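K.L.:
Sharing a structure with you now.
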Amino acid sequence: MNNVKSRLKGNLKQYSMLIALLVIIVFFNILTSGRLLRPMNVSNIVFQNAYVVILAIGMLLCILTGGNIDLAVGSVVAFISACAGQMIIVWHWNVYLSIALCLLMGILVGAWQGFWIAYVRIPAFIVTLSGQLVFRGLTLLMLNGLTLAPFPPNYLMFSTGFIAKEAKVELWGMNVNIVCLITGVAVALIFCIAQIINHRSRKRKGYETDNPVVLAVKMVIISAALIFFFTLLAQYQGIPSVLVIVGILLIVYSFFTTKTVIGRHLYALGGNEKAARLSGVKTNHLMFFAYVNMSFLAAVGGLVFAARLNSASPVTGSGFELDAIGSCFIGGASAYGGIGTVGGTLIGALIMGMLNNGMSIMGISSNLQQVVKGLVLLGAVAFDVISKMNLGRATKRKKTLAVGEPTETLQG
415 MNNVKSRLKG
425 NLKQYSMLIA
435 LLVIIVFFNI
445 LTSGRLLRPM
455 NVSNIVFQNA
465 YVVILAIGML
475 LCILTGGNID
485 LAVGSVVAFI
495 SACAGQMIIV
505 WHWNVYLSIA
515 LCLLMGILVG
525 AWQGFWIAYV
535 RIPAFIVTLS
545 GQLVFRGLTL
555 LMLNGLTLAP
565 FPPNYLMFST
575 GFIAKEAKVE
585 LWGMNVNIVC
595 LITGVAVALI
605 FCIAQIINHR
615 SRKRKGYETD
625 NPVVLAVKMV
635 IISAALIFFF
645 TLLAQYQGIP
655 SVLVIVGILL
665 IVYSFFTTKT
675 VIGRHLYALG
685 GNEKAARLSG
695 VKTNHLMFFA
705 YVNMSFLAAV
715 GGLVFAARLN
725 SASPVTGSGF
735 ELDAIGSCFI
745 GGASAYGGIG
755 TVGGTLIGAL
765 IMGMLNNGMS
775 IMGISSNLQQ
785 VVKGLVLLGA
795 VAFDVISKMN
805 LGRATKRKKT
815 LAVGEPTETL
825 QG
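In structure tokens:
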């Protein structure tokens, strides 16, 4: 009985943020009289939060290394947006060449910051705070206080377009995008198959696995949510092109963090840097990689955001680092490093996005929205810290009981 209770408690804790997301969606959908889940608004939520998910994935890898963060993210987004505007709008360079050069510049920015953090051993907070000032200043110098616009249509399609927009059919009395519906069913099936394969693999290796009933319930709920989500998109214009970019990044980084040696080493580095180094992990190289990757994804986010606004502005990216950091911590990443998942980060970003969108529809001022988001972030980190304290106490209590237990002796 105690074992069942402990497993149930563990499952509730594991999926607490997912439950919170569902509660927030239902809550705001009721308060907004159903406007939150209207097809057009769901598409808008995707467009509005794509860059947050992209940046949060990169921030997760930095946090995994030991609770480190990158404060320069917003400034790098602005810098890359300005570079794209200069190349494409002012100099009329080829769009695809400009995108490639902007991504390369993002890698170089990350290499610059990663060098000081990983090899000179200057704290990440100081280096990225410096980067925040430097790249914001370079953005202001490049744009000279002006906004560059507009971008050509073949650039905008990366962030504002739709896949197979014209593939509409009459179904259930509605005009829906059939490609979007088929994609939704396919994604749900792939998710279920992946869960079953992962469950069997873990069981075969002797790892702890979910109870079959819990696994089945999880697959049904998430599959239903995916199909519902794609059905809503299908009722508007179909799959936003930026959703494809975000989806690819989520799949790649989920695989990278869980199935590759480098990914496992990142968790080891955050768990105990000294032990990781003694076991042969090249901690300096990992730290360098995390910050190069962060700036690369900041470049991707900058390109996506510039395309969404159809402009490059000096104020682009203000506060973006806070959205990325908040998404990671709300999604279950530990403030101490070594704990966190890409899936959890996605849920954290969706919680932030739903809070923003729901409060905006209700007409709540942006100032009050900042207060609410700040309290949610504090609550998520406090939950992590308190959970660790309780776990430490429980472990200590078990050890004390084990040591103090009288040994049985045979009576003659």
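Each number in this note's numbering comes from the position in the sequence shown (counting from 1) with 414 added on. Yeah, the Cβ is synthetic: ideal placement off N, Cα and C, and Gly gets one too. Here the structure is a predicted model, which means the values were calculated and not measured.
#1: Taking DSSP as the reference, what is the three-state secondary structure of W612?
#2: According to DSSP, which residues form a beta bridge with I641?
#3: For the pair the region 475-485 and the region 667-687, tell me if three or more CB-CB distances fall below 8 Å.
#4: With distances taken Cα to Cα, identify the nearest neighbour of Q546 among S573, V487, V590.
#5: Near L764, what residues of its chain come up, given a Cβ to Cβ distance below 6 Å and the 5 sequence neighbours on each side ignored?
#6: Three-state secondary structure (DSSP) at V393?
#7: Is the beta carbon of N804 within less than 7 Å of some heavy atom of the ligand GTP?
#8: Cα separation between I531 and L711?
#9: State the start and end residues of the unbroken beta strand (DSSP E) segment that holds L585.
#10: Since N724 and L570 should fall inside the 8 Å C-beta cutoff, what is the C-beta to C-beta distance between them, to a whole number of angstroms?
#11: I'd like to check one pair, G793 with V466: are the Cβ atoms closer than 8 Å?
#12: Assuming the contact rule is C-beta atoms closer than 8 Å, A496 and L560 should be a hit. Round their C-beta distance to whole Å, please.
#13: Can you tell which of T697, T671, I753 has the C-alpha that lies nearest to the C-alpha of G528?
#14: Where do the ends of the alpha helix (DSSP H) carrying N508 lie?
#15: How is A690 classed by DSSP in three states: helix, strand or coil?
#16: N597: buried (16+ other C-beta within 10 angstroms of its C-beta) or exposed?
#17: DSSP three-state label for A726, please.
#18: Have a look at F442, T446, I444, I483 and flag the residue whose alpha-carbon is nearest the alpha-carbon of L736.
#19: On the DSSP bridge assignment, give the partners of N591 in chain order.
#20: Under 7 Å Cβ to Cβ from L474, same chain only, skipping five residues before and after it: list those, please.
#21: Take the Cβ of F576 as the centre, count every other Cβ of all protein chains shown within 10 Å, and call the residue buried at 16 or more, exposed below.
#22: What residue from A638, M803, P728 has the CA that sits closest to S489's CA?
#23: Residue range of the alpha helix (DSSP H) that I778 falls in?
#24: At 4 residues or longer, and completely inside the region 451-502: list those alpha helix (DSSP H) runs for me, N to C.
#25: Measure the alpha-carbon distance for G677 versus L469 and round it to whole angstroms.
#26: Kindly confirm or deny that the region 444-453 and the region 775-786 touch, where touching means at least three C-beta pairs closer than 8 Å.
#27: In this structure, does DSSP put L782 in helix, strand or coil?
#28: L646 and P453 - do their beta-carbons sit closer together than 8 Å?
#29: Looking only at DSSP bridge pairs, what is I653 linked to?
#30: In the DSSP output, what is L562 paired with across the bridge?
#31: Closest to G788 by CA distance: which of K619, G740, I592 is it?
#32: How big is the Cα-Cα spacing for N591 and K619?
#33: Determine the closest residue to V523 out of A796, I761, F702, with distance taken between C-alpha atoms.
#34: To the nearest whole angstrom, what separates the beta carbons of L562 and A726, a pair I think is in contact under 8 Å?
#35: Taking only the alpha-carbon atoms, compute the straight-line gap between M431 and G520 and give it to the nearest angstrom.
P.N.:
Quick look at the numbers:
#1: In the sequence under discussion, the amino acid at residue 612 is Asn, which differs from the Trp named in the question. Helix at N612.
#2: In DSSP, I641 forms no bridge with anything.
#3: yes
#4: V487
#5: L435
#6: An answer regarding residue 393 cannot be provided, because it is not within the stretch 415 to 826 covered by the chain.
#7: In the structure shown, the ligand GTP is absent, as is every other ligand, since no ligand is present at all.
#8: 18 Å
#9: 582-585
#10: 6 Å
#11: no
#12: 10 Å between Cβ atoms; not a contact.
#13: T697
#14: No alpha helix (DSSP H) holds N508; DSSP gives it neither H nor E.
#15: helix
#16: Correcting the residue identity first, residue 597 is Thr in this sequence and not Asn. Buried, since its Cβ has 16 or more Cβ neighbours within 10 Å.
#17: strand
#18: I483
#19: K582
#20: C742, A747, G754, V756, T759
#21: buried
#22: P728
#23: Neither: I778 is in no alpha helix (DSSP H) and is coded neither H nor E.
#24: 453-478, 487-499
#25: 18 Å
#26: yes
#27: helix
#28: yes
#29: I577
#30: A726
#31: G740
#32: 43 Å
#33: F702
#34: 4 Å
#35: 32 Å
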